[in-house]
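Colleague: In full-length UniProt numbering, the protein residues as written are 1 to 224. Each residue gets a CB set at the ideal place from its N, CA and C atoms; glycine is no exception.
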Amino acid sequence: MTLGFDPEGIKAVIAGEHPLPELPEEPTVPPRRVNLIIDIQERMAQGKGPAYERWAKVYNLKQMAAALQYLQEHHLTDYAALTARTEAAVDHFHKLSDELRTTEEALSKTSELMAATVDYAKTRPVFDGYKAARYSKKYLAQHEAELATYRAAKDTMNTILNGAKLPKIEALKKSRRELARQKKALYAEYREAQRQMREAVAIKANIDHLLGITDERENKAQER
1 MTLGFDPEGI
11 KAVIAGEHPL
21 PELPEEPTVP
31 PRRVNLIIDI
41 QERMAQGKGP
51 AYERWAKVYN
61 LKQMAAALQY
71 LQEHHLTDYA
81 ALTARTEAAV
91 DHFHKLSDEL
101 RTTEEALSKT
111 SELMAATVDY
121 AKTRPVFDGY
131 KAARYSKKYL
141 AQHEAELATY
151 RAAKDTMNTI
161 LNGAKLPKIE
171 ALKKSRRELA
181 RQKKALYAEY
191 REAQRQMREA
201 VAIKANIDHL
211 LGITDERENK
221 AQER
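#1: For the segment 158-214, which segments carrying the beta strand (DSSP E) assignment without a break, of at least 3 residues, lie completely within its bounds, in sequence order?
#2: Do Leu107 and Tyr79 have their beta-carbon atoms positioned less than 8 Å apart in this structure?
#3: Among residues of its own chain, excluding the 5 on either side of Arg134, which ones have a beta-carbon nearer than 7 Å to its beta-carbon?
#4: Pick out whichever of Leu113, Pro167 and Ala188 has its Cα sitting closest to the Cα of Met157.
#5: Is it true that the CB of Gln182 sits closer than 8 Å to the CB of Thr77?
#6: Can you find a CB in chain D that lies within less than 8 Å of the CB of Thr86?
#7: Is DSSP giving Tyr59 helix, strand or coil here?
#8: I want to know whether the segment 82-95 touches the segment 118-131 - three or more CB-CB distances under 8 Å.
#9: Enumerated in chain order, which unbroken segments of the alpha helix (DSSP H) with a length of 4 residues or greater are wholly contained in the segment 78-139?
#10: Run through DSSP, which three-state label would Leu76 get?
#11: Report whether the distance from the Cβ of Tyr150 to the nearest heavy atom of the ligand ZN is below 7 Å.
#12: Could you say if the segment 187-198 and the segment 90-98 meet the contact criterion of at least three C-beta pairs nearer than 8 Å?
#13: Here's a check: name, in chain order, each residue in its chain whose Cβ is nearer than 7 Å to the Cβ of Glu99, leaving out the five neighbours to either side.
#14: Please go through the same chain and pick out, in chain order, the residues whose beta-carbon is closer than 8 Å to the beta-carbon of Ser136, but skip the five residues on each side of it.
#15: Exposed or buried, what is Leu71 when buried is set at 16 or more other beta-carbons lying within 10 Å of its beta-carbon?
#16: Are the segment 56-68 and the segment 37-44 in contact at 8 Å, needing three or more beta carbon pairs?
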């Protein structure tokens, strides 16, 4: 006899005559996941409501068809996945933007240092002559432009190097070539990341308007 939670069964369990009866396992109900694509298609089929009317003033069926195709291609069946993909696209774009900016700055500095190094080498003999002439006013008048170039080149080198040793010109050339290569590769990635970000942001904005999510955010902002 299977003991349940009747008086006799409870007494037997308390007396230690029988183990505590096991409860039948309840079937696990999987959490309901709203299919974003189906939800959108239903909203489109209904074609009514304030959210839809506001959406129709900004977007069109062709744009929504593109949005649905995007969701299907990337297997985005719920809103959280769409949000995550959009945020990832934005973050990736900003990361590449920072990398590209850093590379461009390094390339610009290297090119500037190379130019200053060349100018310094060309005008150093003129400065040595000026010093040998005991800083003669006549010598200065004759070589004023070269001496100005020398001083500017020296100042630029000091600013960029900031106490570091001046690399050899061949090392600077190699560095510039490598930075130029990196910039070219990064720029190609940057343009593609920019395209993907714009696409994701535009599609999410389209869907937000249709589902009324944009309206909800605006209302909450006004309540604050």
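Modeller: Reading from the atomic positions:
#1: The segment 158-214 is shown to contain no whole beta strand (DSSP E) run of 3 or more residues.
#2: Between Tyr79 and Leu107, the C-beta gap is not smaller than 8 Å, which leaves the two residues out of contact.
#3: For Arg134, same chain residues with a beta-carbon under 7 Å away, outside a window of 5 residues either side, do not exist.
#4: Looking at the Cα atoms, Leu113 is the closest of the given residues.
#5: Cβ distance not < 8 Å, so Thr77 and Gln182 don't count as in contact.
#6: The structure shown contains no chain D, having only a single protein chain.
#7: Under the three-state reduction of DSSP, Tyr59 is assigned to coil, being neither helix nor strand.
#8: Counting Cβ pairs under 8 Å, fewer than three are found: no touch.
#9: Runs found: 79-132.
#10: If DSSP states are grouped into helix, strand and coil, Leu76 belongs with coil.
#11: Among the components of this structure there are no ligands whatsoever, and the ligand ZN is therefore not found.
#12: Enough Cβ pairs lie closer than 8 Å, so yes.
#13: Scanning its chain for C-beta atoms nearer than 7 Å, with the 5 sequence neighbours on each side dropped, one finds around Glu99 the residues Leu186, in chain order.
#14: Around Ser136: Tyr130.
#15: The residue is buried, with at least 16 neighbouring Cβ atoms inside 10 Å.
#16: Judged by Cβ distances under 8 Å, the segment 56-68 makes contact with the segment 37-44, as three or more pairs qualify.
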